[in-house]
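Just add 1002 to wherever you are in the sequence shown, counting from 1, and you've got the numbering used here. Glycine included, every Cβ here is placed at the ideal spot set by N, Cα and C. Working notes, beginning with the structure itself.
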Amino acid sequence: MYRKTASTIALGVVLLGLAASSGCATYGPNIRNSLCLYPIPLSPFFQDEAEDQAWQKERYDKVPILGPLTQGGPAVALDPPSDDEIIRALEKARPVEGGLPFLHEVQRNNVRIVVEPIQDYVDPPRVYPLIGPAQLHHAHYKCTIYFTERTNVGWPIPYTVINENAQEVVYIDHNHLHVVGNVEGGLTSNY
């Protein structure tokens, strides 16, 4: 009996060793990542979250570098925040996504957005690494969002709460740089 069990265990170890050493998983840089070669399913919630982070980084997290300010001209900021940027900031402050269907859901309806510029000023010139002499242009906005918030709770006792006068204030900063002096950017320069 012992001999049969020992030979079965030895055969299992040999087969496991053969399976682990066969194929391309043991050669090259994938020697440590052989388990990562198999596709792992990703929840749509996490996929949507990754897409939102990429969209945010691409559209709103970068500071543009513009040409120099004209002498005596107005130093007016770029465009005010878009509705998409305001709703994304509202989602960070007061999240709606990720509720449990039929247990706890929150909806926003009748959304109205009011954008007010607070400040628009330019800092004195200073030297930024990798950019050179530049001025930082600040633009601060106060965004008030008026909406109707509907909360559906489904367990233990189903009920609905409707807040018709919900509002949230979000402050958004738009900063960008203006290069200073005689700018010679080369052939591929935008200014």
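Note that the C-beta distance between histidine 1142 and proline 1119 is below 9 Å. In the DSSP assignment, isoleucine 1088 falls within the unbroken alpha helix (DSSP H) covering 1085-1095. Under the criterion of beta carbons closer than 8 Å, glutamate 1087 and tyrosine 1062 qualify as touching, at roughly 6 Å. In the structure shown, the three-state DSSP call for glycine 1134 is strand.
Contact between threonine 1150 and asparagine 1111 holds, since their C-beta atoms are separated by about 5 Å, short of 8 Å.
Sequence-distant Cβ neighbours of alanine 1095 in its own chain, meaning closer than 7 Å and more than five residues away, are Glu1170 and Val1172.
According to the DSSP secondary-structure assignment, glutamine 1121 is paired through a beta bridge with His1142. Taking C-beta atoms under 8 Å as the contact rule, leucine 1071 and alanine 1077 qualify, at a distance of about 6 Å. In the same chain as valine 1129, and ignoring 5 residues on each side of it, the C-beta atoms closer than 6 Å to its own belong to Pro1135, in chain order. CA-to-CA, the gap between proline 1082 and isoleucine 1159 works out to about 44 Å.
Contact annotation: threonine 1153 and asparagine 1165 have beta-carbon atoms nearer than 9 Å.
When Asp1175, Ile1174 and Ile1115 are compared, the shortest CA-CA separation from tyrosine 1148 is found for Ile1115. In this model, lysine 1059 and glutamine 1121 are separated by some 24 Å (Cα to Cα). Here isoleucine 1115 is bridged, per DSSP, to Ile1147. As DSSP reads the structure, isoleucine 1164 sits in a beta bridge with Arg1152. Rounded to whole angstroms, the gap between the alpha carbons of leucine 1013 and lysine 1006 is 11 Å.
Looking at Pro1103, Arg1090 and Val1181, the one whose alpha-carbon comes closest to that of tryptophan 1157 is Pro1103.
Excluding sequence positions up to five before and after valine 1117, its CB lies within less than 7 Å of the CB of Pro1082, Pro1083, Tyr1143 and Cys1145, all in the same chain and listed in chain order. With 16 or more other CB atoms across the displayed protein chains lying within 10 angstroms of its CB, isoleucine 1174 is buried. Ranked by Cα distance from glutamate 1051, the first of Ile1011, Gly1183 and Glu1093 is Glu1093.
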